[in-house]
Amino acid sequence: MGDSQGPWLVSRILVTWVELVVVGFGGTALGGAVSGPPELIVYFATVLVSVAVLLYNVDQLIQQRLAADTAG
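Taking the numbering used here, I'd label the letters of the sequence shown as residues 9 to 80.
Right under this line is the structure:
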């Protein structure tokens, strides 16, 4: 990983962390507002969105790395 890739990695890690915090707080707020079976559905949806955020950001890092490798 070259010097030009360092800022991309750090910024992507920061973006991922912020997105996960927002999803977590949103799921917590929504889960606290409901009770019973809907609370379980909100929990599962929060977990699903968290995994989607992680996979999306890993995919973006891979695409940036491949683009950098093919460009130069």
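Beta carbons are placed, not taken as given, at the ideal position from N, Cα and C, and that holds for glycine.
Since we're looking at a predicted model, the values are computed, not measured.
C-alpha of GLY39 to C-alpha of VAL66: approximately 27 Å in a straight line. Looking at ALA79, VAL61, PRO45, the one whose alpha-carbon comes closest to that of LEU22 is VAL61. Cβ-Cβ distances below 6 Å link LEU69 to ARG20 in the same chain, with the five nearest sequence neighbours on each side left out; the list follows chain order. Using a 10 angstroms sphere on the CB of VAL30, the tally of other CB atoms stays under 16, which defines it as exposed.
Linking LEU74 to GLY35 through their CA atoms gives a straight-line distance of about 34 Å.
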